[in-house]
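Data first, discussion second: the structure below is written as structure tokens.
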Amino acid sequence: MASGSAGTATKIPVIKSYSEKDVASVFKFWVEIKSIVVAEFTQCSGLSVEREIERIEEGGVNDKVHIRAGRMKYANIVLKRGTVYGRELWDWYMTGQYDGKVRRINFSILLHDSEGKVMKRWNVNRALPIKWEGPQLDASSTQVAVETLELAHEGLTLN
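When we follow our numbering, the leftmost residue of the sequence shown carries the number 1, and every step to the right adds one.
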């Protein structure tokens with residue numbers, strides 16, 4: 001135990017050592033809404049949270065600046081997948097186009113281990129689609145047509 005600045009004891013976290021089999025592959029993930037797997041995406045980015053800080057310069061104290069924890073700031077989540085016949089992502093993005101009533105959803109991103117068991121579950125709160133991008137079409141290419149959906153959200157928890 002170490003003592004904190006106010007004289008109270010703070011617990012120092014123990015870092016556990018992991019074997020190679022405990023490390024996840026980044027290619028085994030999918031998106032789940034209301035306990036139903038709705039889509040397998042080829043790429044997911046934006047699982048990121050950053051704590052803002054407030055710097056306080058105290059008069060007469062010239063050797064340091066006090067730092068206080070501020071709000072949490074969450075990155076937008078970007079999901080990419082091969083274009084399919086369904087239009088669910090497009091329809092969700094287009095809700096509210098005329099009346100401003102955009103439907104927000106809670107969903108989870110699940111990461112699986114090599115045996116297919118859920119290793120991590122990121123729960124995304126009140127996601128709002130802010131950008132949809134269709135595939136880049138090129139008659140000379142053999143690449144898969146990919147659609148992209150970018151989501152802003154109000155928080156991220158890890159189970």
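Note that beta-carbon positions come from the ideal geometry of N, C-alpha and C, so glycine has one too.
Option in the options with minimal Cα separation from residue i
i, options, result
"glutamate 147", "Pro135, Val61, Glu154", "Pro135"
"glycine 82", "Thr142, His66, Glu52, Asn106", "Thr142"
"leucine 149", "Ile12, Ile33, Ser45, Lys11", "Ser45"
"glutamate 54", "Leu47, Val144, His66, Gly60", "His66"
"glutamate 88", "Asp113, Val144, Pro129, His153", "Pro129"
"glutamate 154", "Lys73, Glu58, Asn62", "Lys73"
"asparagine 78", "Val118, Phe41, Lys64, Gly116", "Before going further, note that residue 78 is valine rather than asparagine in the sequence given. When only C-alpha atoms are compared, the closest one is Phe41."
Residue burial classification, residue i (beta-carbon count within 10 angstroms, cutoff 16)
i, result
"alanine 127", "buried"
"valine 49", "exposed"
"isoleucine 109", "buried"
"valine 124", "buried"
"isoleucine 56", "exposed"
"valine 31", "buried"
"isoleucine 12", "exposed"
Assigned secondary structure, residue i (DSSP; H/G/I helix, E/B strand, else coil)
i, result
"leucine 47", "coil"
"glutamate 133", "strand"
"glutamate 40", "coil"
"tyrosine 206", "Not covered by the structure: residue 206. The range shown for the chain is 1 to 159."
"tyrosine 74", "strand"
"glutamate 150", "strand"
Integer-rounded CB distance, given that residue j should sit under 8 angstroms from residue i
i, j, result
"leucine 156", "lysine 120", "Not quite, the Cβ-Cβ distance comes to about 12 angstroms (not below 8 angstroms), so this is no contact."
"phenylalanine 29", "leucine 111", "5 angstroms"
"threonine 95", "valine 102", "6 angstroms"
"arginine 51", "alanine 75", "Between alanine 75 and arginine 51 the Cβ distance is about 13 angstroms, and since that is not below 8 angstroms, they are no contact."
Cβ-based neighbour list, residue i, same chain, cut-off 6 angstroms, excluding 5 preceding and 5 following
i, result
"glutamine 43", "Lys80"
"isoleucine 132", "In the sequence under discussion, the amino acid at residue 132 is tryptophan, which differs from the isoleucine named in the question. Here the set comprises Tyr93, Leu149."
Cβ shell of residue i (< 7 angstroms), same chain only, five flanking positions each side left out
i, result
"isoleucine 33", "Ile105, Phe107"
Cutoff 8 angstroms; reference residue i; Cβ partners in own chain excluding five residues on either side
i, result
"leucine 137", "Ala145"
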